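Numbering (the UniProt record's numbering), first residue to last: 1 to 181. Ideal Cβ placement from N, Cα and C applies to all residues, glycine included. For clarity, every value in this text was computed on a predicted model and none was experimentally measured. Down below is the structure, laid out as structure tokens.
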Amino acid sequence: MVILLILLGIVLCGLVAGLVMRPRARSAQDAFADGVQALAARTGWRPDHSPVPPLQATFVTINDVLGSSNRHGIAVNLQLAGNWRGVPVRVLQLRYRTEHVSTTRAATMILVPRPVPGPSLTVRPGDAAAHLPPEVAQRITTQTLFFTSEHLAAVFPGEMTQQDLTIATADLLADLAGRLR
């Protein structure tokens, strides 16, 4: 009888917790959807379902940059595409887990085609001055840049709904693509 009461108490606690958390989770989902719609309206980018390059194979240091591991993986849960200042751009909303934290984290990755092939390079914010022209390096705040043979990319923590940072990063990549031609 005592075991039954304990089990019933656990079930009731779970139900109460679920009822309390549901409106909060729904509100966060609605805010994210509104933010994505606002970004799309501001930039003209639209939802896209084209295949994404294999992130961990293409951007070999991405796990280190995000603090993730191959065991947990990196998922793309939303993708926008369009043109920005004459350059094709893809914006990816990433979800991943770190090794030491059990919560899911978000990052935004922006990809543009690399106009000419070149060496692969990862440039973190602290190393930007050593690898990039000063006028470009000063624009790097939280973004890590990836130069691969086919892509120029930037990743930064947080969701793509950070409109000013997302657009500033797209501007940065469009400028870099123009310099590499």
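- The shortest C-alpha to C-alpha distance from residue 94 to any of 82, 83, 113, 73 is the one to 73.
- Taking the Cα positions, residue 68 is about 32 Å away from residue 85.
- In this model, residue 108 and residue 124 are separated by some 15 Å (Cα to Cα).
- One thing to note: residue 157 has its Cβ within 8 Å of the Cβ of residue 142.
- Residue range 87-97 is occupied by the beta strand (DSSP E) that includes residue 93.
- In chain order, 87, 112, 113, 114, 115, 152 place their CB closer than 8 Å to the CB of residue 177, counting only its own chain and leaving out the 5 sequence neighbours on each side.
- Taking 8 Å as the upper bound for CB-CB distance, residue 62 and residue 89 are not in contact here, some 18 Å apart.
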